[in-house]
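Read the structure below first, then the notes.
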Amino acid sequence: MTVQQKRVASLILREHYGEIVEKVGTFCIAKGLRPLKDITRGTKLPQGQVQKALCCLIQHHFVTFEVNKRNVTLYNAWISNILLRLRAPRYIYCVKSLFGYTGELIIDEIFQHGSSIMSTVVDKVARHLQEDNIDSDEDEIRVCFADLVKNHFLQRLRPMKSEEQTMGNNSYNEDDLYALPPGMNLQGHGSKRKRSTGDEGQTAKRQKTGASYTAGGRSSELSDDGILWQVNFARFHQHFIDENIVTVVTKKVDKFAGEIVKTMLKLTELARDPLSPTSQTVSLHEISQNLSVTPKMEKAQIVQYLSLLTDEKDNLVSKTGESGGGMYCINLQKCVDTLCQNVIESIVQERFGSRCFRIFRLLLLKKHMEQKQIGELAMIPSKDVKELLYKLFAERFIALQEIPRASDYAPSRTVYLFSVNLPQLSRMLLEKSYQALGNLMSRRETEIQEHRRLIEKKERVEATINTLKAQHGEETSEEAIAELRELIIPAEQEQLKKLKLSLAKLDQSELQVDETIFILSQYISSH
């Protein structure tokens, strides 16, 4: 947990949950395990506000708690989960691309509450679809929810340590995280949802009594009462890594090789061990049966592509056996190493230019080299090589090792070898990436504060227009709407246009920096 990570975490809490939650969360991040009394004293907030803030943080899995031997509850911040909140739009977009608009609403609903009951999520998503004038079938929403669980994008909330001890060591395992509630109707052929005005009263009654209405209209006891679901971040990260691996293979070879690797990853995605350096083995027959490309590839063509991938210098794919036409696996560790190396190389090229990029790649390839060797192989004059190497060394992108030929360490009898320490460089760049991310978030916050009055004015005008449309429908005169819009003068409209463009650029920059952070974090965690 670094200084820049703490700063970004505080900015995230303030942006999404307000100043009180940010103050409590920042104190927990800085001080570690602390009782409620210390948090109240340290934040100088009323105890009631601190308790509500802690409830919010616990609900979103940003703070954990435990009871010590003196029966005092201690609270501790989980900074890694706070930092993941910034990636929420990417998670939601991923689900939208895989499971459609309904899946997007389900994930968004769970993100808003940290964790939620399946029936509650289904009910809220159905109401949201109705507000969007989309015919909603609760059974279809349940099927979509079940698909998210079966693909491990959602999982049950893990029981606390005390609960695990009560349940016994043998009664809880990883498979239970993806077990759907018993008795849920997931056939996908229920009746369309049509709410009347009196339906809200039925919903309130349902929440109090614990009863639910099935697609056929009959009341039945909820079978998922007390079963909370949360987002499985590890599964999303696995999916993002798989997408990056496919992209790398497609660039190195072609789209058909990318589709073969994509099929291999798809066949092993749910059974994959996150700590294993390789994926499970897949036979040629399985790849051929599940490969969906146009035009259809014959087995001989697939074998040629697999041979090309196994012979490739990065060794992203390995052959492990001959049964089933050949057994193949993906070297996940080497794939992550390649992704990290590509990210760092792009940073070097953008920051130092093409000649430093050539030197950097040469050092990655040869491991240790002298200045003279680098100049000869990179075809750069000796004077320029010295300057470029110093620039990279000063910025800590390369390391220098002294090997004396004599015990006196005389410079004339010492060999100076340059190299790249990739793990150390990754940690340094990760810290700089968090610093850049914090700067972007601070800049966006400043932009919004500077134009706060103008933003509020526009919101008031839009709210008035929406109220008129709600009261009078389509009969609302264009003249009345035009008059309201004219309250914002042309100079203010130009300011709003520039602000919108500026915020869009900042958001895009945040996403790009987060992509770099993701790759570097995956590499560091695997070493």
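For the sequence shown, my numbering assigns the number 354 to the initial residue and increments by one for each residue that follows.
Ideal Cβ positions, reconstructed from N, Cα and C, are used throughout, including at glycine.
### Task
Could you tell me which of 497, 723, 577 and 446 sits nearest to residue 535, measuring between CA atoms?
577
### Message
Could you compute how far the alpha carbon of residue 739 sits from the alpha carbon of residue 715?
### Response
15 Å
### Task
Quick one: residues in its chain with C-beta nearer than 7 Å to the C-beta of residue 475, no 5 flanking neighbours on either side, listed in chain order?
491, 494, 495 and 498
### Query
Per DSSP, which one or two residues make a beta bridge with residue 739?
Beta-bridge pairing links residue 739 to no other residue.
### Query
residue 696 and residue 683: beta carbons closer than 8 Å?
no
### residue 747 classed as buried or exposed, judged by whether at least 16 other C-beta atoms fall within 10 angstroms
exposed
### Message
What does the alpha-carbon distance come out to for the pair residue 365 and residue 810?
### Response
26 Å
### Message
Restricting to runs no shorter than 3 residues, where is the beta strand (DSSP E) found entirely within the segment 734-779?
### Response
752-757 and 767-772
### Task
Compare the Cα-Cα distances from residue 773 to each of 621, 781 and 652 and report the closest residue.
781
### Task
Would you identify the three-state DSSP class for residue 355, choosing helix, strand or coil?
coil
### Task
For residue 756, count neighbouring C-beta atoms within 10 Å of its own C-beta (all shown protein chains included) and say buried if the count is 16 or more, exposed if not.
exposed
### Task
Name the one or two DSSP bridge partners that residue 430 has.
416
### Query
So residue 807 and residue 849 are in contact, right, with Cβ under 8 Å, and what is the actual spacing, rounded?
6 Å
### First through last residue of the beta strand (DSSP E) which encompasses residue 508
507-509
#### Entry: Within 8 Å, strictly: CB atoms of residue 415 and residue 584
no
### Query
Can you check whether the CB of residue 391 is closer than 8 Å to the CB of residue 452?
no
### Message
Quick test of the definition: if touching needs 3 or more C-beta pairs under 8 Å, does the segment 834-854 touch the segment 865-877?
### Response
no
### Task
Kindly indicate the opening and closing residues of the beta strand (DSSP E) around residue 673.
670-674
### Message
Which residue wins for smallest C-alpha separation from residue 723, given the options 611, 768 and 600?
### Response
768
### Message
If I measure Cβ to Cβ from residue 388 and keep anything under 7 Å in the same chain, skipping five residues before and after, which residues do I get?
### Response
425, 426 and 427
### Task
With DSSP collapsed to three states, give me the class of residue 843.
helix
#### Entry: Check whether residue 462 and residue 477 have beta carbons under 8 Å apart
yes
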